[in-house]
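Per numbering that gives the first Met the number 0, residue 0 is the first one in the sequence shown, and the count goes up by one each step. Each residue gets a CB set at the ideal place from its N, CA and C atoms; glycine is no exception.
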Amino acid sequence: MSYLVLARKYRPQSFEEVIGQEHVTRTLMNSIQSDRVAHALIFAGPRGIGKTSVARILAKALNCKDGPTTTPCDKCDSCHEIRDGVTVDVFEIDGASNRGINEIRELRENIKYMPSRSRNKIYIIDEVHMLTAEAFNALLKTLEEPPEHVIFIFATTELHKIPVTIQSRCQIYNFRRINTREIAGHLKNVCARAGTSVSKGLLWLIAREAEGGMRDALSLLDQVIAYSEDPVTDEQVLDILGVVDRKTISDMASAIINNQITDALEILDDLYSHGHDIKRLYGLLTEHFRNMLLVKMSKDPERLLDLPPYDIKKIEDDVADLSAETINQFFQTLFREEKTVRFAPQPKLAAEMALISIAQLTPVVSIEAIIEKLDVLQKKAGESRDVADTAKMPAEPERIDSTKSCVSDRTASYVPENGKGDMDRGDVWKSVLETLDQKYPSVTACLENSVLESVEGDRLTIAIKGNGFQAQRVQDKKDVIESACSDLFGRKMHLEIASAPGNTASDNKRETDYTRRFKKEALNNPIVMDALDIFGGRVVDVKVL
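Structure below.
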C-alpha cells in the first residue's frame, strides 16, 4: 500500500483552502465571476507556496460541470480527473524536461483540436523559465492569438528569466512567501486531522525552517511524525531537523551582552562538535540581535517579527536593561563580520574572532546619559562663574572710570624705551581688544593677527601680520578702532598701521606669552576637564580666537 505524503494528502482543493495568497485567489475568483479570465497567466514566486495547486483549482473552476464557478463541486468527473491528474483536457508539462522547440511545435499542433470532454483545454507548464529561447519564440504567435478553448498557465520560480515578449502577452500573478504564523496555524490543523499531537512551539520551529514554503513545512512535519512516537518531543524535532534551539542562541547572546565571551565560545564549540553549521549558527546569532533591536525600538514588535508571542516576551525581558545603542553596536559588529565568516576557509576561527572583537568594544553611552551629564556640567559651570565673578568684583564702583583708571595706570607705567615693558604693552592691547569685542566683534576678528608695537603720547602703532588684504581690512575699520582707544585712554588717540610681513623674535615671544595664558585658562576650565573625564578624551590643540 503506497503512502500519500501530507503535502499531497492535504493539498488545497478550492480557492478558500489556499493559505497566504488571498491577493491572487480573490483576483482569479473575480475574473471567473465576471467572465474575464485571461488566455495566458504566469504564476511567479518561491517554491512550495501553491502556484501549481492554484493552477489546478483554476482548471477545476473553469471545467467543472457547474462552471465556470468560483467553488468547484469536486464531485463531477471533470473535478475528480483534474484532482487525480488523469484528465485528457488539462495537461501538466514539466518545462525542465520538455524545453526544446520540438515539444513546443507538437503543443502548437495539438491546441488546434477541441477538448475531448471539458469546456476548455488547459496547459499548465511548470518551471517555464527552463524553456529554450527558440521554444519561447515558437510560443509567441500562439500566445498572442490562441484558440478560444485554450488557456495557458505558466508557473515559475524565476520570473526574470522569462523573455519580456512572453511576459507582455500574459497576466502575471506574484505569489508571496507564507508567513510563519500562517504556516504554524495550518500545520496545527493538519496535525488535528491526522490525529497527531505536536506542541505549538515545535510547529513554530518547523514553520520557521520552511522559510515561507508550505510544501516544505508539510514535508518536515511528515518526517518528524515518521521518526518519532506520539507525542513528538522537542529533542526529537531538533535532532531530525538539525537546527539549533532558540534558547541556545539566546544564551549565547546573553553571554556576549554580559561580556562572558568564554561562555559564548564554549557554546559555539559545543554546537560545532555536534555537527551544526557554523555559518548557519552565526546567521542565527546575528538575526537574534536584530530581533532584540526591533523589540527594543518598536511599539508593536509582533508586526515586524515572525516569532511566536512567548519568544517576543522573552526578548522583551532580555532587552529591558539595555539601550538601543548598545544592542545596535553588537548587531553592527556581527553583521559586519558575517561576510568574513561566510567565505572564510575556516569559518569557526572567523566566528570566534568576531566574538572576541565584540568583547573589546567600548561601552556605548546613551544619548539620554550624555544630555544628563551635560546638564550637570552646565550647572557646575554656572556656579563656578558666579564664584569667580564674586571674587573679582566685590563691589560695583564706577565701572568705566575704574577701567579707564586701570588702563591709564598701565599706559602710564609703560616705558617704551630700550625695548622694556613688553608685558605691559600686551596688557594694554588686550584691554583694547576686550573693549572692541563688547561693541564691535567683527572688528576684533580683523585684529586677530595684530600686535601693539608702541604707544607714544596720543599715537598707537600696531603691526599687522599676514598679507596686504588683512592690513586693508584693519585700515577700513581705523575710525572705529581709534574711537574705542580714545574711550579707553580718556583722550583723543591716533592709530598708525604698520605691515609686519615676518615674525620677529620679540613678536613671537609676545604672542607666545599672550596665547599661553589663554590656553592654560582653557585647559583648567571645569567644563573642559569634566568633558574629558566623561568621554575619556584628550586635548589635541587649543586655538585662541
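Beta-carbon spacing of residue i, residue j below 8 Å
i, j, result
"Glu108", "His128", "no"
"Asn290", "Leu304", "yes"
"Leu202", "Ala225", "no"
"Ile177", "Phe153", "no"
"Leu267", "Val236", "no"
"Leu217", "Tyr9", "yes"
"Ser430", "Leu487", "yes"
"Val243", "Leu280", "yes"
"Leu14", "Thr24", "According to the sequence provided, residue 14 is Phe. The question's Leu does not apply to it. Yes. Within cutoff."
"His287", "Ile18", "no"
"Gly84", "Glu91", "yes"
"Thr443", "Leu435", "yes"
"Ile150", "Ile121", "yes"
"Ile119", "Leu61", "Checking the sequence shown, residue 119 turns out to be Asn, not Ile. Going by C-beta atoms, Asn119 is nearer than 8 Å to Leu61."
"Ala263", "Leu333", "no"
"Arg245", "Asp310", "yes"
"Ala497", "Ile461", "yes"
"Ile314", "Val340", "no"
"Asp215", "Val4", "no"
"Ile326", "Ile255", "no"
"Val427", "Cys445", "no"
"Pro344", "Ile277", "no"
"Ala323", "Leu360", "no"
"Asp457", "Arg490", "yes"
"Lys111", "Pro146", "yes"
Counterpart residues of residue i in DSSP-defined beta bridges
i, result
"Ile124", "Ile92, Phe153"
"His493", "Arg458"
Buried/exposed call for residue i, threshold 16 Cβ in 10 Å
i, result
"Phe342", "exposed"
"Ala6", "buried"
"Leu522", "exposed"
"Gly212", "buried"
"Thr261", "exposed"
"Met296", "exposed"
"Gln20", "buried"
"Met113", "exposed"
"Phe329", "buried"
"Ala390", "Low confidence applies here, because Ala390 scores a pLDDT of 48, under 50, leaving its location unreliable and the question unanswered by this model."
"Met492", "buried"
"Asp88", "buried"
"Ile165", "buried"
"Thr232", "exposed"
"Pro396", "Bear in mind that the predicted position of Pro396 carries a pLDDT of just 46, short of 50, making it unreliable; the figure below should be weighed with that in mind. So Pro396 ends up on the exposed side."
"Thr131", "exposed"
"Arg46", "exposed"
"Ala411", "Annotation note: pLDDT 42 at Ala411 (below 50); position unreliable, coordinate value reported separately. Answer is exposed; the Cβ neighbour count stays below 16."
"Val197", "buried"
"Ala137", "buried"
"Arg55", "buried"
"Lys519", "exposed"
"Lys160", "exposed"
"Ile369", "exposed"
"Met251", "buried"
"Gly241", "exposed"
"Asp532", "exposed"
Cutoff 8 Å: residue i Cβ touching any chain C Cβ
i, result
"Ser167", "In the structure shown, chain C does not exist; there is a single protein chain."
Residue i beta carbon near the ligand FMN (any heavy atom closer than 7 Å)
i, result
"Leu264", "Inclusion of the ligand FMN in the displayed structure is not the case, the ligand content being empty and no account of it being possible."
Which residue spans inside the region 8-64 form an unbroken alpha helix (DSSP H) run of at least 4? 21-32, 50-62
Identify every run of the alpha helix (DSSP H) within the region 270-338, keeping only runs that are complete inside it and at least 4 residues long; order them along the chain. 277-296, 300-303, 308-317
What are the start and end residues of each continuous beta strand (DSSP E) run of 3 or more residues lying completely inside the region 420-469, in chain order? 449-455, 458-464
Using 8 Å as the threshold, is the region 66-79 in touch with the region 189-199, meaning 3 or more CB pairs across them? no
Entirely within the region 171-206 and at least 4 residues each: give me those alpha helix (DSSP H) ranges in chain order. 179-193
Pair every Cβ in the region 29-48 with every Cβ in the region 157-176, then say whether three or more of these pairs are closer than 8 Å. yes
Tell me, please, whether the region 24-31 touches the region 64-77 by the rule of three or more beta-carbon pairs shorter than 8 Å. yes
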